[in-house]
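Q: One structure follows; several queries about it will come next.
Number of protein chains: 2
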Amino acid sequence: MEWKKLFPNFEPELVELIEKNAVQRSFNAGDIIMRTGQYIKSTALVLEGQIKIYRENPDGGEFLMYYLGPGQACAVSMICAIQSTTSEIMAKAEVESEVLMVPVQLMDDMMNKYKSWYQFVIQTYRSRFDELLSVVDNIAFRNMDERLEFYLKRHAEKTGKKTFEISHQEIADDLHSSREVISRLLKKMEQRNLVKLHRNMIELV
Amino acid sequence: MEWKKLFPNFEPELVELIEKNAVQRSFNAGDIIMRTGQYIKSTALVLEGQIKIYRENPDGGEFLMYYLGPGQACAVSMICAIQSTTSEIMAKAEVESEVLMVPVQLMDDMMNKYKSWYQFVIQTYRSRFDELLSVVDNIAFRNMDERLEFYLKRHAEKTGKKTFEISHQEIADDLHSSREVISRLLKKMEQRNLVKLHRNMIELV
DNA sequence: AGTTACCTGTGATATTGATCACAATACAAA
DNA sequence: TTTGTATTGTGATCAATATCACAGGTAACT
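Listed in order, the protein sequences are those of chains A and B.
Counting in my numbering, the first sequence runs without a single skipped number right up to 205 at its last residue.
Counting in my numbering, the second sequence runs without a single skipped number right up to 205 at its last residue.
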């Protein structure tokens with residue numbers, strides 16, 4: 001598996017170190033990779049697939065925060081790993097995914113020795129923080145119709161596909177809304193010629 | 001100024017380095033310390049006062065994310081400084097505040113040399129990330145009444161005071177709501193004996 | 001073909017919060 | 001004391017969204 005190509009800035013020595021110590025794991029669509037309250041023993045680098053990072057509400061709600069794709073890493077797992085504290089979020093494989101688990105014991109050492117790792121970690125924090133900011137923006141300032149459009153657009157960008165296999169109920173869960181509202185808003189978008197609706201599938205135009 | 005006491009874990013060498021290179025700045029209540037789109041040239045350590053970190057919406061809205069108090073640092077300024085990118089948030093002094101500005105050029109060096117600084121940076125990322133998560137939780141899962149209670153409780157915790165000098169309008173701005181709504185909810189809280197309302201002042205019971 | 005389990009569409013109604021309008025109050029300055 | 005200004009209280013109304021109720025469609029399995 002040519003995982004190095006996903007992290008082209010890592011120096012050869014670092015690549016070697018990771019290769020020696022990390023474990024590659026496969027997840028099926030729907031598998032939970034990390035759950036709220038769990039202790040984290042390694043940092044996750046995504047090689048393939050798509051990981052959904054979301055927040056769970058005790059009284060039964062989910063809320064999508066962002067997706068991780070190949071070449072990205074979970075900022076929360078980095079921080080938790082370093083501090084050996086528990087995670088506050090859930091991570092689920094959206095599709096079949098491959099993840100490289102780098103043991104936490106290496107983290108300190110890698111941060112010191114490898115500039116490229118240090119940069120990568122900082123870059124990861126930065127991106128996730130920004131994504132969280134845009135999530136806050138959306139729920140604080142936007143109505144559901146705009147949030148839905150943003151949601152679909154983001155998905156298209158992430159996957160590069162213009163079809164999206166998902167039910168209205170799942171979208172409602174991600175946006176913490178209700179199925180009926182999403183159905184109605186999608187209908188309106190269809191009337192505006194932004195999407196075409198099918199069963200379990202939305203086509204972006 | 002005995003700023004070291006606020007950062008008891010910093011090694012003496014690190015303290016000395018900071019002392020030699022950092023600049024202490026004073027801000028009056030209401031001063032903007034950092035604005036959206038601005039390039040960041042130093043990392044801010046709060047020595048005294050209270051800094052409000054908030055998000056600004058192009059079409060005229062603010063949204064409070066969290067406060068920084070003495071001994072805390074701005075995670076955004078750290079990340080931006082390292083990457084020499086622009087900030088995506090606003091920082092404003094809520095009261096007279098003292099801030100230590102550590103030039104960005106030192107950051108890399110300090111991260112490598114001083115374990116205590118490294119730990120501090122990680123700890124800062126972690127805390128701010130968690131705070132952002134709880135912000136997301138609140139707006140995603142809670143109604144305004146709960147958000148208001150959380151807002152008041154958090155303020156009490158941060159300041160240690162049980163009185164809060166603020167107008168209903170300002171609270172509404174922080175929560176991105178409207179003055180009337182906040183007034184009504186506060187009245188209800190008063191009826192439940194959770195607060196006593198005065199002009200420009202709320203007393204927590 | 002019949003059954004079952006999901007999806008989707010749509011009306012009716014309820015709730016939350018935003019907005020408008022205006023009154024009442026409190027403090028400060030003249 | 002008067003006047004002015006900012007703050008607060010409150011009713012009425014509106015908009016967005018959640019919730020309930022139910023109908024019809026579509027795929028999957030027997």
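Heads up, the beta-carbon is just placed ideally off N, CA and C, and yes, glycines get one too.
Note that this is a predicted model, so its numbers are computed, not measured.
(1) In angstroms, rounded to a whole number, what distance separates the CA positions of E165 of chain A and I202 of chain A?
(2) Run through chain B and tell me which residues come within less than 9 Å of F63 of chain A, C-beta to C-beta.
(3) Please list the terminal residues of the continuous alpha helix (DSSP H) segment that includes Q191 of chain B.
(4) How is the alpha helix (DSSP H) around F227 of chain A delimited, first residue to last?
(5) Are the C-beta atoms of Y39 of chain B and some chain A residue less than 8 Å apart?
(6) Can the beta-carbon of S42 of chain A be found less than 8 Å from the beta-carbon of M101 of chain A?
(7) From E149 of chain B to N143 of chain B, what does the alpha carbon distance come to, in whole angstroms?
(8) Measure the alpha-carbon distance for G61 of chain B versus R179 of chain A and round it to whole angstroms.
(9) Which value, in whole angstroms, describes the spacing of the CA atoms of Q50 of chain A and N57 of chain A?
(10) Mind pulling the chain B residues with CB within less than 8 Å of E88 of chain A?
(11) Against chain A, does Y125 of chain B count as a neighbour if the rule is that its beta carbon must be under 8 Å from one of theirs?
(12) Unbroken beta strand (DSSP E) runs of length 3 or more, entirely within the stretch 32-78 of chain A: which are they?
(13) So does the stretch 72-84 of chain A actually touch the stretch 9-23 of chain A, counting three or more Cβ pairs closer than 8 Å?
(14) If we ignore side chains and look at the alpha-carbon of each, how far apart do K92 of chain B and M65 of chain B end up?
(15) Which chain B residues sit within Cβ distance under 7 Å of N9 of chain A?
(16) Consult DSSP for L17 of chain A and reduce its assignment to one of helix, strand or coil.
(17) Within a Cβ cutoff of 8 Å, which residues of the same chain sit near M107 of chain B, ignoring the five residues on either side of it in sequence?
(18) Does the beta-carbon of E19 of chain A have 16 or more other beta-carbons within 10 angstroms, so that it is buried, or is it exposed?
(19) Return yes when the Cβ of T85 of chain A is within less than 8 Å of the Cβ of G37 of chain A, no when it is not.
(20) Distance check for P70 of chain B and Y151 of chain B, CA to CA, integer angstroms please.
(21) Along the stretch 51-62 of chain B, what residues have a CB closer than 7 Å to any CB found in chain A?
(22) Would I206 of chain A pass as an interface residue toward chain B - the criterion being a Cβ-Cβ separation below 8 Å?
(23) Give the straight-line distance between the Cα atoms of E190 of chain A and R128 of chain A, rounded to the nearest whole angstrom.
(24) In angstroms, rounded to a whole number, what distance separates the CA positions of L68 of chain A and H198 of chain B?
(25) K158 of chain A: which of A:R126, A:L17, A:K52 sits nearest, CA to CA?
(26) Which ranges would you report for the beta strand (DSSP E) in the stretch 71-136 of chain A if only whole runs of at least 3 residues count?
(27) To the nearest angstrom, how far is the alpha carbon of L185 of chain A from that of M34 of chain A?
(28) In the DSSP assignment, the alpha helix (DSSP H) including I202 of chain B goes from what residue to what residue?
(29) I want to verify the contact list: residues of chain B whose CB lies under 8 Å from the CB of Q83 of chain A, in sequence order.
(30) Pick helix, strand or coil for F164 of chain A, following the three-state DSSP scheme.
(31) How should I32 of chain B be labelled, buried or exposed, when 16 other C-beta atoms within 10 angstroms of its C-beta is the threshold for buried?
(32) If you measure beta-carbon to beta-carbon, which residues of the stretch 94-114 of chain A are closer than 9 Å to chain B?
(33) Pull up the DSSP beta-bridge partners for L197 of chain B, would you.
(34) Taking the C-alpha atoms as reference points, what is the distance between K115 of chain A and N21 of chain B?
(35) Cβ of I79 of chain A less than 8 Å from any chain B Cβ?
(36) Helix, strand or coil for F10 of chain A per DSSP?
A: Looking at the atomic coordinates:
(1) Taking the straight line joining both Cα atoms gives about 6 Å.
(2) V136, D137, A140, F141
(3) Looking at the DSSP string, the run of the alpha helix (DSSP H) that includes Q191 of chain B is 179-191.
(4) Nothing about residue 227 of chain A can be reported from this structure: the residues present for chain A run from 1 to 205 only.
(5) no
(6) yes
(7) 10 Å
(8) 29 Å
(9) Their backbone Cα atoms lie some 22 Å apart in a straight line.
(10) D130, L133
(11) yes
(12) 32-34, 42-48, 51-57, 61-68
(13) Under the three-pair Cβ rule at 8 Å, the stretch 72-84 of chain A does not count as touching the stretch 9-23 of chain A.
(14) 12 Å
(15) By Cβ distance, chain B contributes nothing, its closest Cβ being about 14 Å from N9 of chain A, past 7 Å.
(16) helix
(17) Within the same chain, T43, M78, A81, I82 come within 8 Å of M107 of chain B by CB-CB distance, once the 5 residues on both sides are set aside.
(18) exposed
(19) no
(20) 19 Å
(21) R55, N57, G61
(22) Beyond the ends of chain A as shown, which are 1 and 205, falls residue 206 of chain A; an answer cannot be given.
(23) 32 Å
(24) 49 Å
(25) A:K52
(26) 90-93, 97-103
(27) 32 Å
(28) Looking at the DSSP string, I202 of chain B is not in any alpha helix (DSSP H); the run it does join, the beta strand (DSSP E), is 201-204.
(29) I122, Q123, R126
(30) Looking at F164 of chain A - three-state DSSP - the assignment turns out to be strand.
(31) exposed
(32) D108, M111, N112
(33) Looking at the DSSP assignment, L197 of chain B forms a beta bridge with B:I202.
(34) 24 Å
(35) yes
(36) coil
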